[in-house]
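Engineer: According to full-length UniProt numbering, the sequence shown holds residues 1 to 325 in order. Dumping the structure here so I can ask a few things about it.
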Amino acid sequence: MSLRIFIVRRIIQSVPLLFIISIISYLLMSLAPGDVVAMFEDPAATHLATQLIRDRVLERLGLDVPIHIQYFNWLKGVVLEGNFGYSFLDGQPVIHKIVERIPATLWLTVTAIILSLVISIPIGVYTAVKRNSFWDLLFSFNSYLGISSPAFFVALLGIIVFSLNLGWLPVSGMRVVYDHFDFFDRIEHLILPASVLAFGMIASNTRFIRSSMLEVINQDYIQTARAKGVSEFKVIAKHALRNALLPIITVIAMQLPMILGGAFIIEYIFGWPGLGRLGVMAVFMRDYPIIMGTTMMVSVGVILCNLLADVMYAVVDPRIRFQKS
1 MSLRIFIVRR IIQSVPLLFI ISIISYLLMS LAPGDVVAMF EDPAATHLAT QLIRDRVLER
61 LGLDVPIHIQ YFNWLKGVVL EGNFGYSFLD GQPVIHKIVE RIPATLWLTV TAIILSLVIS
121 IPIGVYTAVK RNSFWDLLFS FNSYLGISSP AFFVALLGII VFSLNLGWLP VSGMRVVYDH
181 FDFFDRIEHL ILPASVLAFG MIASNTRFIR SSMLEVINQD YIQTARAKGV SEFKVIAKHA
241 LRNALLPIIT VIAMQLPMIL GGAFIIEYIF GWPGLGRLGV MAVFMRDYPI IMGTTMMVSV
301 GVILCNLLAD VMYAVVDPRI RFQKS
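Rendered as structure tokens:
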């Protein structure tokens, strides 16, 4: 099976998956406690006036019909028109609000992924080469600590230490409020949330790279290279590391749901104007179209990144072949 056919098949297979995700998400959203119409009511109005307001609001929002009709109306708009609906709060198109927030989320998540790899790869390789040494035990302890630490705790700790006590980094936001673009100001605002988001990935990637390196350096071809007099640096960097890092592509793809879930929490805590903060605020305000829009956009992102991981793995590893099922 060619790579092109494989990609087409994976895309076709993702369509029913997205359909199932949309059904479950819409059902859970509709069953969630709370009344979306309550925010439009006037506390000083009479009971009759309140009921009239409720009826009009429900009709305007399309919530005056059974839930299955609501869902199919939403699905029809998405499939036929590419329209995710309009925000309950400000009436703006959902797709416009999502597109505005995607760059900020990509800026945060991509930076966190790069940061985690830059830190975890050297540490993972070093601890594998220096197995059972003091540094191996120290980094292993720190890795377990990082894996077990929830993102919100690390975020609050980072704010207390680096923002409130030391005053090195800003507490929230993506930039200082002014008209012109300042790259260094963006970087300053990015450091803390990206570091917090990368914290857990650094810990898990370090453990994974260490295990992968230990498996590779015991292979026969590594022992043969050493027997031929190849320097230890070349053995590790040229032969062992290249093969040990192949599985990290799949690991990052598997981590993507965790990364995006962590981004939702991190963006909300740090006031980062991304897709995650938009989704969390929509949940608090019961803005159903925004909730569905962000959910589906994240689902599409996860599916595409897993597809990209499969393709990249096939490209970098010649042993991988797509066989007919």
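Even for Gly, the Cβ is constructed at its ideal location relative to N, Cα and C.
(1) Whole angstroms are fine: how far does the CA of Phe6 sit from the CA of Phe322?
(2) On a Cα-Cα basis, can you pick out the residue from Met296, Leu304, His239 and Ile24 that is closest to Val78?
(3) Report the option in Asp287, Ile217 and Pro273 whose CA atom is closest to the CA atom of Glu100.
(4) Less than 8 Å between the beta carbons of Leu156 and Leu192, yes or no?
(5) Can you tell me whether DSSP reads Ser325 as helix, strand or coil?
(6) The alpha helix (DSSP H) that contains His96, what's its start and end?
(7) What are the partner residues of Tyr86, as DSSP defines its beta bridges?
(8) So what's Leu190 in DSSP terms, helix, strand or just coil?
(9) In this structure, how does DSSP classify Trp135 when only helix, strand and coil are distinguished?
(10) In its own chain, which residues sit with a C-beta less than 6 Å from the C-beta of Gly262, not counting the 5 before and 5 after it?
(11) Are there 16 or more other CB atoms within 10 angstroms of the CB of Val161, so buried, or fewer, so exposed?
(12) Is it right to say Gly279 is buried, meaning 16 or more other beta carbons lie within 10 angstroms of its own, or is it exposed?
(13) How big is the Cα-Cα spacing for Met312 and Ile249?
(14) Would Val125 and Leu241 be called neighbours here (beta carbons separated by less than 8 Å)?
(15) Quick one: residues in its chain with C-beta nearer than 6 Å to the C-beta of Arg210, no 5 flanking neighbours on either side, listed in chain order?
(16) Might you give, ordered along the chain, the residues of its own chain that have their beta carbon closer than 7 Å to the beta carbon of residue 328, omitting 5 neighbours on each side?
(17) So what's Ser231 in DSSP terms, helix, strand or just coil?
(18) If we call anything under 8 Å between Cβ atoms a contact, is Ile202 one with Gly146?
(19) Which residues in the same chain have their Cβ closer than 6 Å to the Cβ of Val216, if we skip the five residues on either side of it in sequence?
(20) What residues in its chain sit with their C-beta under 7 Å from that of Thr111, if we drop five residues either side in the sequence?
(21) Taking DSSP as the reference, what is the three-state secondary structure of Met254?
(22) How many Å lie between Ile223 and Pro103 at the Cα?
Structural biologist: According to the structure data:
(1) Residue placement at Phe322 cannot be trusted, given a pLDDT of 49 that sits under 50; what the coordinates show is reported in the next sentence. Their Cα atoms are separated by approximately 7 Å.
(2) Put simply, of Met296, Leu304, His239 and Ile24 the residue whose alpha carbon is nearest the alpha carbon of Val78 is Met296.
(3) Of Asp287, Ile217 and Pro273, the residue nearest in Cα terms is Pro273.
(4) No, these two residues do not count as a Cβ contact at 8 Å.
(5) Residue confidence for Ser325 is low, a pLDDT of 44 falling below 50, so the modelled location carries little weight; the figure read from the coordinates is stated next. Judged by DSSP in its simplified three-state form, Ser325 adopts coil rather than helix or strand.
(6) From DSSP, the alpha helix (DSSP H) with His96 extends over Val94 to Val129.
(7) Beta-bridge partners assigned by DSSP to Tyr86: Pro93.
(8) Leu190: helix per DSSP, three-state reduction.
(9) The answer is helix: DSSP assigns Trp135 an H, G or I state.
(10) Closer than 6 Å at Cβ, skipping near neighbours: Ala151 and Leu197.
(11) Here Val161 is exposed, its C-beta having fewer than 16 other C-beta atoms within 10 Å.
(12) With 16 or more Cβ atoms within 10 Å of its Cβ, Gly279 is classed as buried.
(13) Computed Cα separation, rounded: 8 Å.
(14) Yes, they are a contact pair.
(15) Taking C-beta separations shorter than 6 Å and ignoring five residues to either side along the sequence, the partners of Arg210 in its chain run Gly124, Thr127 and Ala128, following chain order.
(16) Only positions 1 to 325 of the chain appear in the structure, and residue 328 is not among them; the question remains open.
(17) In the structure shown, Ser231 sits in coil (DSSP, three-state: anything other than H, G, I, E or B).
(18) In contact: Ile202 and Gly146 (Cβ atoms closer than 8 Å).
(19) The residues Ala240, Asn243 and Ala244, in chain order, have a CB closer than 6 Å to that of Val216 in the same chain once the five nearest residues on each side in sequence are set aside.
(20) The answer, listed in chain order, is Leu190 and Ala194.
(21) Here Met254 carries a helix assignment [DSSP, helix/strand/coil].
(22) Note that residue 223 corresponds to Gln in the displayed sequence, not to Ile. In a straight line, the C-alpha of Gln223 is about 47 Å away from that of Pro103.
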